[in-house]
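Per the working numbering, the very first residue in the sequence shown carries number 351; after that it's consecutive. Let me begin by presenting the structure, written as structure tokens, before commenting on it.
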Amino acid sequence: MSVTDTYKRQFTLLLSQFKSAYPSYKLEKQRNIATDATSNFLNVERNLNNLFKDMSLAEAENDNKIKKISGQLKKYDSEISLYKKELKREKQQLDAIIQRSRAGEQFKEQYDVIKEDTRNTFYYDAFGVVGVAYLTYLVATSGAVQHMASHH
351 MSVTDTYKRQ FTLLLSQFKS AYPSYKLEKQ RNIATDATSN FLNVERNLNN LFKDMSLAEA
411 ENDNKIKKIS GQLKKYDSEI SLYKKELKRE KQQLDAIIQR SRAGEQFKEQ YDVIKEDTRN
471 TFYYDAFGVV GVAYLTYLVA TSGAVQHMAS HH
């Protein structure tokens, strides 16, 4: 129940009490002849009815404002969840870069160990070629992903 409805109920009750207290109310209203009490009451009635109209309008306007605000909130909420998804995706990309660079470090450590252990030129050269290619790939891909991430 709206505020307006509550006031209307109270006023209707008041009006019925007044009508029973002044039986001439209806007659005087029809004839447009009014005692002070009746004319005062008619003024109050008119003012209250105007007030109820204003209140109803204000409530309707408020409802519209609330709808508009909740619409904006929903829009922001969907934008926020979109940003969360983007951040999650970027974090996954960064985690992948970190893992690849760790893998690259491990590969380099293994490469260094093999280089120390083996003086065999064939192994050395083969690992050298593969190692350089792999590290180049790591640098190239991490650079590309960081380039993408910086544009967000």
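All C-beta atoms in this analysis are idealised placements derived from N, C-alpha and C, irrespective of residue type, glycine included.
Can you tell which of the options has its C-alpha closest to the C-alpha of residue i?
{"i": "Ile516", "options": "Glu436, Tyr487, Ser352, Asn399", "result": "Only positions 351 to 502 of the chain appear in the structure, and residue 516 is not among them; the question remains open."}
{"i": "Gly454", "options": "Val489, Asp355, Leu437", "result": "Val489"}
{"i": "Asp404", "options": "Asp355, Gln442, Ala483, Ser428", "result": "Asp355"}
{"i": "Arg452", "options": "Ser366, Tyr484, Asn400, Ala408", "result": "Tyr484"}
{"i": "Ser406", "options": "Val463, Ser366, Tyr357, Arg439", "result": "Tyr357"}
{"i": "Arg450", "options": "Asp427, Lys424, Thr491", "result": "Thr491"}
Just confirm the distance between the C-beta atoms of residue i and residue j, as a whole number of angstroms; I'd bet it's less than 8 Å.
{"i": "Glu505", "j": "Ser352", "result": "Since the first and last residues shown for the chain are 351 and 502, residue 505 lies out of range."}
Quiz item: Using 8 Å as the threshold, is the segment 414–428 in touch with the segment 454–461, meaning 3 or more CB pairs across them?
Solution: Verdict: no, contact absent.
Exercise. Specify whether the segment 393–403 and the segment 353–363 touch according to this definition: at least 3 beta carbon pairs, one from each stretch, less than 8 Å apart.
Key: The answer is yes - the segment 353–363 touches the segment 393–403, with three or more Cβ pairs under 8 Å.
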